[in-house]
Amino acid sequence: MVAWLSDWLRDIIAIILIAVFVELLLPNKAMLRYVRLVVGLFILLTIMSPILKVLQTDLNTMLDDGLSSWTQSAAEQSLNMQGLSEIQQNAQRLTEKREQEAAKLTEITLEDTIRNELTKRLKAPIEEVDAELSWVSESGVRTPRLDKVTISLRALNKEEDVKTDGQDSNSVKEVQAVAIDINIESDIAASGEKDDSTTPAEDTAEEEGWTVASPADEQAIRSLLAEGWGIAAKDIIVRQQVN
Amino acid sequence: MEIIQVVGLGLMSTVLILVVREQKPMFAFLLAAFTGLFIFLYLIGKIDIVITVLEDLANRSGIPSIYLKTILKIIGIAYIAEFGAQIVRDAGQESIASKIEFAGKVFILVMAVPIISVIVETVIGLLPAGS
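Chains as they are written, first to last, in my numbering: chain A, 1 to 243; chain B, 1001 to 1131.
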């Protein structure tokens, strides 16, 4: 009983102290009446708390609900205010995503058309066509740009290679798998060097199962690509599988 | 002796404003506004100490934290409204200043709405149900 009484008194004293502090803190007299009203209500609640406890109404949860619903509505309003920038960010993100998907689709279509065209015209034994797009920003607008085209030809049997070296152009075509790698930017130097240094056939410089295609095929493929899609020769990599 | 700094700043800007006002009233107003802003922000940091004391007090006693939150919100509303109203009043727009103060009062009263509703509900619950 005494403990309960002391608790109650302590609460009342604390809330009155807080009220006095708040009145001191206030900047001007104009607000004083209004603040007094609110703080007075708090003091009233504190004093009434034993009665409320007897009645077993859960005061604090009710108060919490009321205040939190009020602050929640305020928060929702401010959320709407923030929404503008968030919406813009979302729009940005969605745009980027859409652009990326479009680029992917472009790549796939491009690969397909190149492959079809090459098989139809040159009858090249194409293993895989790989086109890479990169984003270039021109005057603030991001536009996709064909970065690299890699054309991989199926591997030849050694014997066939020998034959091709020998004479028949037809057999050569059948035999060789041409891998065309078109590097627009990054790989330019590397591919250029390779083209210069390595001589036909399937000898020397091979990076993990790939070798340089025969110059005739390479030339044909390059000219076709340059003609049909306007791809610079340096961006095209033609490679061949090693047996 | 931070009070000397604040008062010195106030005196300095007052003299400057008096000098400038004849030529450029606009800059005088800006100077007044920014001096007020500076002093306000400087003192906000000090008020923090008082608020910490209040929180400590509330924590030691069993006062629900929602009381203190509401009271602190009220203080904040009062300060912000008062500050804005004074800047506007400096610029000579008395009517707008009084509107700002009015808005502050309304927001403070809106704070009281949940408390009033709780009290009303309890008092109604106190009355005998048979009536």
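Glycine residues also receive a C-beta, built at the ideal position from the N, C-alpha and C atoms. This structure is a prediction, so every number in the text was calculated from the model and none was measured.
Residue contact with chain B for residue 50 of chain A: absent (no Cβ-Cβ distance below 8 Å to any residue of chain B). No Cβ of chain B is located within less than 8 Å of the beta carbon of residue 5 of chain A. For residue 38 of chain A, the C-beta contacts it makes with chain B under 9 Å involve 1070, 1071, 1074, 1108, 1109, 1111, 1112 and 1115, in order along the chain. In this structure, DSSP gives residue 1093 of chain B a state outside helix and strand, which the three-state scheme calls coil. The C-beta distance from residue 38 of chain A to residue 1111 of chain B rounds to 6 Å, short enough to meet the 8 Å contact threshold. In this structure, residue 61 of chain A lies away from residue 11 of chain A, with their beta-carbon atoms at least 8 Å apart. Residue state for residue 85 of chain A is assigned as helix, using DSSP reduced to three classes. As a beta-bridge residue in DSSP terms, residue 211 of chain A pairs with A:240. In the DSSP assignment, residue 124 of chain A falls outside any alpha helix (DSSP H) and carries neither an H nor an E. Considering only A:151, A:143 and A:117, the residue with the shortest C-alpha distance to residue 227 of chain A is A:117. Pairing residue 1039 of chain B with residue 1022 of chain B, the inter-Cα distance amounts to about 25 Å.
For residue 24 of chain A, the enclosing alpha helix (DSSP H) stretches over residues 2-25. When C-beta atoms of the stretch 97-108 of chain A are compared with those of the stretch 119-129 of chain A, fewer than three pairs fall below 8 Å, so the two segments do not count as touching. For the C-beta of residue 1009 of chain B, not a single chain A residue is nearer than 9 Å; the gap to the nearest is close to 19 Å. Looking at the backbone, the Cα of residue 66 of chain A and that of residue 1108 of chain B are separated by about 15 Å. Neighbours of residue 1095 of chain B in chain A, taken as residues whose beta carbon is under 8 Å from its own, are absent, since the nearest beta carbon is some 15 Å off.
Per DSSP, residue 1012 of chain B is one residue of the alpha helix (DSSP H) stretching across 1002-1023.
Contact note: residue 1118 of chain B reaches chain A through 45, 59, 62, 63 and 66, using a C-beta cutoff of 8 Å and chain order. If you draw a straight line from the Cα of residue 1098 of chain B to the Cα of residue 1119 of chain B, it comes to about 31 Å.
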